[in-house]
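In the numbering used here, the protein residues as written are 1 to 357. No residue lacks a Cβ here, since even glycine has one placed at the ideal position from N, Cα and C. All of these numbers come straight from a predicted model, not from anything done at the bench.
Rendered as structure tokens:
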């Protein structure tokens, strides 16, 4: 029963104190909801800008490649594009694409970071903190994450096979070295093993967790993993990236740094690179190395379940939010910037399926 603020409660204290407490609590909730909405807007803008900068950088790369290769300067896009099209047979598609990807994501990242720091006062120092124990944690957690990755990749393959049986092709990402030269291999290694993990962790883990975790660690973990999975643009990678992304995000939130997840991401891509190099360069020894590593890592992942199951199943610490799950969910799906970004991701996801069919 509610009482007037002028009457005394059973402790003999004025109920006005409770009212004041209720008002302060509600005010704190409103402030947190307002902060969450602002952070979601900033996050949406940064992610949208990152993709816009990627599209912009593609055109810049064409001009740069034309200038370096043809030793001519032009601002006519058709001239640069036609030159590349006419000379594509004389260059390695892998070198062109991988060096291009490296150039494109670096330019996009630099521009996005500048916007984040100059306009939104985004601080990167904390999420990039590197400690020995964080690196060790990343190495220890990798086998378990790889086991999850393998499990859901296999599940996605089964689902894709079911769709294929009814005539629907589900696209999959393919990284192939078209001409097995040293430079092509170096380009593929540099991008997929070194550059892509660092940039993806900074954008899809660092930005999300830094901006959203103050308003709910569970929300930041799920949102980060969902965006990370969807941005890959295909079902197979979505399922594996989303599930492993949950593990990555939990570790990043736990340590307060993306250093361990960068380590895990590099190890994952390195394993894939070994398999790809073994096939494209036809090196049986690399195939053997991959098979041994893969089996050992999966066995370690299974062992970790039995060794650390109490930690894995342990109830997570109390979420740092005054808002309900429903309120946080509505804040995400009703935010204009996030809506635009999600629509873009879904469009790319569906477009890839349509193009494959």
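Kindly list the residues whose CB is nearer than 7 angstroms to the CB of residue i, restricted to its own chain and excluding five residues on each side of it in sequence; keep chain order.
i           : result
residue 267 : 142
residue 204 : 224, 227, 228 and 231
residue 357 : 168 and 169
Please state the DSSP three-state secondary structure of residue i.
i           : result
residue 130 : coil
residue 295 : helix
residue 108 : helix
residue 304 : helix
residue 154 : helix
residue 192 : helix
residue 180 : coil
Report all residues from its chain with a CB closer than 6 angstroms to the CB of residue i; omit the five preceding and five following residues, and keep chain order.
i          : result
residue 13 : Reliability of the predicted coordinates at residue 13 is poor, the pLDDT of 48 falling under 50, and no value is obtained from them.
Taking all protein chains shown into account, decide if residue i is buried (16 or more other Cβ within 10 angstroms of its Cβ) or exposed.
i           : result
residue 307 : exposed
residue 301 : buried
residue 129 : exposed
residue 291 : exposed
residue 121 : exposed
residue 338 : buried
residue 288 : exposed
residue 89  : exposed
residue 138 : buried
residue 60  : exposed
residue 280 : buried
residue 186 : exposed
For residue i, which option in the options has the closest C-alpha, if you only look at C-alpha atoms?
i           : options               : result
residue 182 : 284, 279 and 95       : 95
residue 261 : 230, 231 and 221      : 221
residue 131 : 263, 270 and 350      : 263
residue 325 : 305, 200 and 217      : 217
residue 103 : 82, 277 and 58        : 58
residue 127 : 284, 249, 66 and 269  : 249
residue 150 : 294, 107 and 192      : 294
residue 65  : 81, 52 and 255        : 81
residue 333 : 47, 209, 41 and 166   : 41
residue 234 : 206, 348 and 51       : 348
residue 197 : 259, 253 and 178      : 259
residue 44  : 26, 30 and 116        : 116
residue 29  : 321, 166, 101 and 286 : 321
Starting from the C-beta of residue i, find all residues in its chain whose C-beta is less than 8 angstroms away, skip the five residues before and the five after it, and write them out in chain order.
i           : result
residue 236 : 153, 156, 157, 160, 170, 172 and 173
residue 25  : 322
Exercise for the section: Only counting runs of 4 or more residues, tell me where the alpha helix (DSSP H) segments fall wholly within the region 25 to 112, in order along the chain. Expected result: 77 to 87
For this session: Note down, one range per segment and in chain order, each beta strand (DSSP E) of at least 3 residues found wholly within the region 258 to 284.
Result: none
- Message: Ignoring anything shorter than 4 residues, give me the alpha helix (DSSP H) runs that lie fully in the region 204 to 262, in order along the chain.
- Response: 208 to 212, 217 to 230 and 235 to 255
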